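Residue numbers (this note's numbering), protein chains in the order written: chain P, 73 to 586; chain A, 1494 to 1968; chain X, -6 to 86; chain F, 52 to 221; chain H, 55 to 693.
Each residue gets a CB set at the ideal place from its N, CA and C atoms; glycine is no exception.
As the structure is a prediction and not an experimental result, all values here were calculated from the model.
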Amino acid sequence: MEQVIMNQLGYPILTTIIFLPVLGSLFILIMRRSWELPVKWIALTTSVLTFIVALPLFTDFDKTTHKMQFVERHSWIQQWNINYYLGVDGISVLLVLLSALSAILCVLISWDSIKTKVKEFYIAILLTTAAMIGVFCSLDFFLFYLFWEAMLIPMFLIIGVWGGPNRVYAAIKFFLYTLVGSVLMLVGIIVLYLYSGRSFDILELTSKSYPYSMQLWLFWAFFAAFAVKVPMWPVHTWLPDAHTEAPTAGSVILAAILIKMGAYGFLRFSLPLFPEASKAMTPVMLTLSIIAIIYGAVICLGQTDLKRLIAYSSVSHMGFVTLGIFALNIQGMEGGILQMINHGVVTGALFLSVGIIYDRTHSRQIADYGGLATVMPTYAAFFMVFTLASIGLPATNGFIGEFLILLGGFTANKLVGVLAATGVIIGAAYMLWLYQKVFFMQTNQKILGLPDMYVREALTLAPLVALVFWIGVYPNSFLSFMHPSVENLLQRVNTAGGIQEISVAKAIMEVMFR
Amino acid sequence: MNFQLPNLDPVTPELVMTSVALVILLLDLIIKRKEIVALLSIAGVLGVAATLIGSSGTTFGGMFISDGYSTFFKLIFFVNVILSVLISIKYIAVEKVNYGEYYGLILFATIGMMLMASAADLIVLYLGLELMALSTYVLAGFIRHEARSSEAALKYFLLGAFSSAFLLYGISIIYGLTGTTNIQAIAAFIVERGLAGKSALLLSVMLLTVAFGFKIAAAPFHMWAPDVYEGAPTSITAFMSVGPKAAGFAVLGRVFMVAFASVTVDWSKILILLSILTMGIGNVVALSQTNIKRMLAYSSIAHAGYALLGIIAANNEGLASMMSYMMIYAFMNIGAFAVIIMLRSEGFKGEGIYDYEGLAKHHPLAAALMLIFMFSLTGIPPTAGFVGKLYLFMAAINAGYTWLVVVAVIFSAISAFFYLRIVMFMYMREPRTEVGLTTSAGTGVVLGITTVAVLFIGVFPSYLLGFARLALAGF
Amino acid sequence: MFLSLAVFTVGVFGFLTRRNIILMFMSIELMLNAVNINLIAISHYIQDLRGQILAFFVIAVAAAEAAIGLAIVIALFRNRPTAHVDEVHEMKG
Amino acid sequence: MISVLLFVYFAFAIVALSVVVITRRNPVHSVLWMLLLFFHIASLYLILNAEFMAAIQVIVYAGGILVLFLFVVLLINVREETRISRFIGAWSAGLTFAASLFIVVILSLRSFVAAPPGQYSIDLIQQETHTIALGKILYTDYLFPFEIASLILLVAIVGAIVLAKRRLKA
Amino acid sequence: MKLYLLIPFLPLAAFIINILLGKELLRDKAHWPSCLGIIGSFIISVITLFQVINGKTINEDLYTWMISGNFKVSVGFLIDQLTAVMLFVVTGVGSLIFIYSIGYMHGDKGYYRFFAYLSLFVFFMLMLVTANNFIQLYLGWEGVGLCSYFLIGFWYEKKSAADSGKKAFIVNRFGDFGFALGIFMIFLTFGTVHYEPVFSNVGNFAGQTLNFLGIEVNLITLIALLLFCGAVGKSAQMPLHVWLPDAMEGPTPVSALIHAATMVTAGVFMVARTNAIFNLSPVAMGVVAIVGASTSLFAATIACVQNDIKRIIAYSTLSHLGMMFLACGVGAYAAGVFHLYTHAFFKALLFLGAGSVIHAVHHNDIQRMGGLRKFMPVTYATMLLAALSAGGIPGLAGFFSKDEIVWSAFASGTDIGRLVWVIVTCVAFFTPFYSFRMIYLTFHRKFRGTHHEEHHLHESPSVMTIPLMLLAVGAVAGGWVGIPSVLGGGAYFAHFLEPVVGHPEFHGTHAQELGIMSLSTTIAVTGLVLATIFYLLKTSIPVRLARNFNVFYLILFNKYFVDELYNYTIVKPTMWVARRFLVGFTDAKIIEGIVNGVPRLIGIFSSGLRRIQTGLAHHYGIFMAAGAFFIILYMLLWR
């Protein structure tokens, strides 16, 4: 127990923030389906409460140590030596907060846009939130997998029930895609469990060392799960459909949190569990990341659908994240983590914004807009901020993340740095292209006389704007969380046995023929 | 002529059960309201369950053994029978076959299973199997005015008899080889005479495999299952999909693990083959089904395939996982069938999957429950199905069959598709026809029990697991 | 032994090929008889009566099976007047 | 010597008869042929000095089961089978697998070795009659299976009635 | 509270006030915060300038911005001679332009927005010049780019405006791409991105080589060139010059402030700032010189045939920027900055004058102007001065700075120096030529517009003309601080900057210097005269020329078809790949093909296997027998 810090607070904070939403959803469950307003209010209060309760994670976090904090540990399933084991460190704490925040936004943005099955919708949203937070807090593999899979169910429904015209296809695609990935991970988990003498304790497992061959194929087993979630090229195709068809709140959850789970998985599991394998696979991972960055960026230029474009831009941005992670140096990794937050904030915000006009026009086609800036100036301003953040303009959060990642990537391998940097150029190209098509030029007749943002909507976006500049101008308040954890992680990876990097082809071979 | 009554304690459950069954048969003649018969039989079963405690040991010259293993399975059978009876009460009235014999036969079938579970002698095993089988044949054909039902009965009967002939042939060869039919004795004999490698012995093993494979509906001996499941009364389908399967696994476990312990390598090879085939056929063919009972039939075939992993692992952990899986499967499967039965109403079959379109709109609760069961069958946490699968996979991997487990998880991912399809229909389509539900106290209770069980086991499996381990303590 | 095996095979063959339900039953009965021959022969050779006991039970069960089976046939016959199995395939796929 | 000859005769007769049985066009005929077959089998049992079994064979099968068969045949066999083929279309497949099964089983049975002789030697059975010997075991060691068998028969009766009774008042 | 902090943050405050309150409260008073803000920072800059002159330079960190491992950046300020000059130029010229805009933008519905953006721009520009590390430089760098994006596309309803803004931003991104890589290299090499340690250590790395993307290159050269990429983008040098002419879509004050006086010179500033690095790499220096010179000539030639008044000035800007780089390229950073300083005045003046003209005639086509001299005398006078100054007529600001450049190019003694000297001498001919072509076509001869237009011709309000006059003063007298010693001047400017940019060693005598000076002067005068002949006296000549040398004319008129080149080599292919290949093929066909194909395959299997289930008991039996057979066989064979 000495490598963790038990929960310093008087109350079990993590449990509370995980189960508050569950509690809320139970409340909603007993509501009559006709009482829509109470349902909404309960959902709102629950999410806000959750966030407030989660705040101590930010304030009371001990930034001087890499150890797990706010740890709770209770024996759960003795037969399998499974514990109810929660804790956060510098890598996960911010994601937890982000999840809590995004819940509020999702509730707010869906206030008027969800008209059918309101009750079920908010239940699903809250449950998803709980599962997401759970994923980031779990220190026990069983618990982790429980949350990891459990979140599929409400997400599946959110996309499939309240989504767009092609929602069913998207929902099933999303579900199967991710399921195939995670079942392979399950096998990997079991193998680890048995190899390590029956322990699901993540910390314990990550402190052991495993034979190289085993590491290698376990790495790929986990890769299957995480790569799909991230999503890395070429398993990204579920994302455009899911993001596009999902209701706004759904897209936000997907973009802001769910796809972070993959990157988080790489950080929390792949690297510390299989350091040698990770090292050996770095070329592959970097290559895939680069492909994702450029591919995702270029493909954006060919999109005609707002949400689809943003979805593909997510592919590109997550490519940056994985690039940073597998640059295996401190700038890259911290950049990667920060970029996860940034992408959560910015892309989440973009989806919220798109949702705002979608509620007005019910069209996602870029061609249906134009000259919106004259119709909805305030909205245009908000959108501009997020656009700039997304193209990584200095003084916005996007810059900090991308810059650190590129720096890390460049340090790791010049070519990688250069190629990744081209992604930034294209990024600017498509975002500005989008902005121009939607907001500039002659006002499209279809959108004349749309009302500008309502207070509720402004309130939804305001915190994100604040975050954009906060991280952009004073990123240390976030970076400082990561230093010890990241250093510790890197040290774990770098001190691992010196298996020098092997070529992509060889890596594939290694996996194929074992 | 010295004859002393053998020790009867171990067989108390069976004896009580028998008497209950007989009483039910008689009461049926005087009681007109069959619900009472049903409730009585449930009460009786509960009573029997009570007698399970303290009934352990072997008797009748080692022909009958009552140990943790058998007890566990008997519990499964009781769960199975109680739930099935509960969902039957309304259903058989709807089907206009509200006869008391129904319950009697169900009880007899259960007795058969109990005997199989605790048979220590091939003769007892065979007889138990026949007892179960015969009753089930009749039950399958219980809706006499319905051709499909009779057809199901016929097919089930023909093939069942066929398979039991194989069983007998196998038994006869074993008997010829070892001169005994007692499981323990066979094991001992095989070892002492070094029969391990003998093809004759293996032949008999294979013949038994055929027979048991038939009972658990493992490919390629599964072909009866879809037709029979579809044709038989839904309540009986529920009953059959759990009871005989569990019983089959019980004997499979006991015979192969005890009698043929010394030739594990050989039969495990075959079983691997079967399990892959079973999972494959079950999951894949289920994709293209349009009748939900049929779909669940294939899904139950697939689940047999998963459960075989437990046997293949060939160690206590494997058995424990298999047992827990059977228990879990009993809950989630019967739960699903309970929902299906609710859709059956006068003049409306409610078996086509399209009848489920938009169910969530008018019957959100039923839809939600079905959703839970479907996800549980898929094996998504936090439902029991996940725990069960996880345990099986653990056992198999621990026994060194990682690749097999990989195959299994791939198939279970495929299976997600057709379970999801039901969910999709219920939630993401507009209802075509106004579907009325025939709710009843019985179904309600069943749904309550199963849902709670599925979720509870899903989150706190330790009790079940502990019990399974305990049951195998003396195995 | 081989005798019984031969009979068994014939039974299998009959079961697999005859279209008349009754004949299929008979084939099954044949198989059972084969088993019985087997058992009794063995019990004769190894001078042990248990085989015959088993055979005894087999006969009993065979009787029961016959009863049930024929009952089923009759029930089916009520719904669909045929004695041919290959006309009984309402459910498939 | 005689017994061997008899055995051989019966063996061949039985096989031949069984083939005949399943190949008859008219079920009634096959039932009758089966009757003959059963008598042969019974007599074979006699050679294997299992008199009681022989008796049972005759009584139960010939006396019971076959009669039942006959009833049912006459009851349901409305259509004369002569017009249509008596085998199903895929009979060849059936034949193939039956034959191949036969072969593999023979192959695997080559390694068959009989278990060591038990205590019931022939002369022992001779001096106290077969019936008594059998009975002793049946009602002592094998009491339990015997009971089960009775249950099975009960179920059979009930089931048969349930299924076959014309009208059930409900 | 450190005073100098107000310099950048006053405009920032102005921006915030305007963007928040401008729309509802201030409306047409939106100029107040901005103007006050910039004038305030101008005053402070002047104060700082004098402090610096008294030798008090500042270099201190405000707070730590980013820290990650050994990578540590702080927001900090470095105010030395170079910065002081830039501060003076930016805020000074800026203030005038702000005031001018009050009149120019009067009544525009985006009034508040305009001033907000301007203030924001000034903020970023000041951050850029006062940065004491590369990251902050980069911040300002991108920031000004952003504001130029906003301001170019200020009238966003016009597609062309929106397009130009986007074009400017993206083209700049290409440069910044190299700039960023340069910063990475600096970090990798020096382990820090702060000026002071970098410049002090740079010597230790001289001559080191490293393998960059498979090519073995000199480390310093690499860094220098990468940084220069940024400069090329920002200062619109070839081949990234294409955005600047289009940028003229923006309001004229914007062109004056951003695309003449300040932003575009950021590149020059950066090169001068990092002279320590460039000095160590002759190759890089050569590249800078060549690029500058060629751009200079290239732009000058184009300027001769354009008809859009603003574009003419824009190309002239390109040309002058080229000269500045040229100066830097030959090591005469002081000269470059000096020209930057003078150029700020006369070019801003030209633009504002043009603005005032456009304000009157409401279009940009000089062919439809003419004879405006009598309608708007002030504008005419000031612009004339500006043109003279730009043309390098002795005595005026432009003369001194340009002359210093010419001389240092010649005197640098290197072959490249000689080469660029030749080029710059040619340019010296073109500059007055196109300047006066413009003057003549605009102000002399008779008005060629419609009567309706003629009826509305008027001089601009004083709020616009006063800045013009003030700038004119600068354009005339601004250069006197740098009169070369050979003309008895003190060359104060060069000496002032020496601590920062050093002093190039000259190989040449005073005699040569005078010779060069007179030569270029005569050439300039020739150009002036020629322009007079062509466009005032014998106006038929240019027409005939155009007809006879049609090809040249077209090439020049179409700016050497560079835009088209890029369009067909970069833009279109990329779009094709995006639309047809990635969306249409890889994603839709290959990946999705697999993703959807596998389920479909399973489906086919499923329905195939389904057919086995015939519903015939026989077949089931056969399958059982077969199964039995096969497992027994399997057992027999592989036991």
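Item: Out of K379(P), W305(P), P344(P), which one is the CA nearest neighbour of V356(P)?; Value: W305(P)
Item: Using a cut-off of 7 Å between C-beta atoms, extract the partners of A679(H) located in chain X.; Value: V5, L9
Item: For my contact list, A196(P) and P226(P) are in at a C-beta cut-off of 8 Å; report their separation, rounded to the angstrom.; Value: 4 Å
Item: Can you tell me which of V5(X), M17(X), N13(X), V28(X) puts its alpha carbon nearest to the alpha carbon of Q108(F)?; Value: V28(X)
Item: Thinking C-alpha only, which one of F677(H), F175(H), I101(H) is nearest F63(H)?; Value: F175(H)
Item: Please state the DSSP three-state secondary structure of A221(F).; Value: The predicted model places A221(F) with a pLDDT of 41, which falls under 50 and marks its position as unreliable; any figure quoted below should be read in that light. Coil.
Item: Given this structure, state the Cα-to-Cα distance separating L1515(A) from R43(X), to the nearest angstrom.; Value: 30 Å
Item: Taking the C-alpha atoms as reference points, what is the distance between M159(H) and S370(H)?; Value: 25 Å
Item: Go to L636(H), then tell me how far its alpha helix (DSSP H) extends in each direction, as first and last residue.; Value: From DSSP, L636(H) is part of no alpha helix (DSSP H); its letter is neither H nor E.
Item: Is Q151(P) close to chain A? Criterion is C-beta to C-beta, closer than 8 Å.; Value: yes
Item: If you compare alpha carbons, which of A1779(A), G1593(A), A1586(A) is closest to S1534(A)?; Value: G1593(A)
Item: Please confirm whether A1712(A) has its beta-carbon closer than 8 Å to some beta-carbon of chain X.; Value: no
Item: By a C-beta neighbour count over all protein chains shown, 10 Å radius and 16 as the cutoff for buried, is H672(H) buried or exposed?; Value: buried
Item: Where DSSP assigns a beta bridge to F1557(A), which residues make up the other side?; Value: T1552(A), A1612(A)
Item: Does the region 232 to 244 of chain H come within contact of the region 266 to 282 of chain H, defined as at least 3 CB pairs closer than 8 Å?; Value: yes
Item: If distances are taken between C-alpha atoms only, which option among F169(H), G194(H), I97(H) comes closest to G146(H)?; Value: I97(H)
Item: Nearest by alpha-carbon distance to I35(X): which of L1885(A), G1669(A), L1501(A) is it?; Value: G1669(A)
Item: In three-state terms, what does DSSP make of V359(H)?; Value: coil
Item: Span of the alpha helix (DSSP H) holding R71(X)?; Value: 43 to 72
Item: According to the neighbour-count rule (16 or more other Cβ atoms, all chains shown, within 10 Å of its Cβ), is F122(F) buried or exposed?; Value: exposed
Item: If you scan the region 177 to 242 of chain P from start to end, which runs of the alpha helix (DSSP H) of 4 or more residues do you find wholly inside it?; Value: 190 to 209, 213 to 222, 224 to 234
Item: What are the boundary residues of the beta strand (DSSP E) that V481(H) is part of?; Value: V481(H) -> not in any beta strand (DSSP E); alpha helix (DSSP H) instead, spanning 469 to 497.
Item: Look up S147(P) in the DSSP assignment and give the residues it is bridged to.; Value: N155(P)
Item: Please go through the region 1677 to 1756 of chain A and give each complete alpha helix (DSSP H) segment of 4 or more residues, from N-terminal end onward.; Value: 1692 to 1708, 1717 to 1724, 1727 to 1747
Item: Among residues of its own chain, excluding the 5 on either side of Y367(P), which ones have a beta-carbon nearer than 6 Å to its beta-carbon?; Value: W305
Item: The alpha helix (DSSP H) spanning Y117(H) covers which residue range?; Value: It is not in any alpha helix (DSSP H) - Y117(H) instead sits in the beta strand (DSSP E) that spans 112 to 122.
Item: Is the beta carbon of M405(P) sitting closer than 8 Å to the one on G480(P)?; Value: yes
Item: Could you tell me the distance, in whole angstroms, from the CA atom of W26(F) to the CA atom of V3(X)?; Value: This structure does not reach residue 26(F), given that chain F is present from 52 up to 221, and the question cannot be answered.
Item: Considering only DSSP beta bridges, list what L132(H) is partnered with.; Value: N113(H)
Item: Run the CB neighbour count on R654(H), radius 10 Å, all protein chains shown included, and call it buried at 16 or more, exposed below.; Value: exposed
Item: Using a 10 Å radius around the Cβ and a threshold of 16 neighbouring Cβ atoms, would you call L1624(A) buried or exposed?; Value: buried
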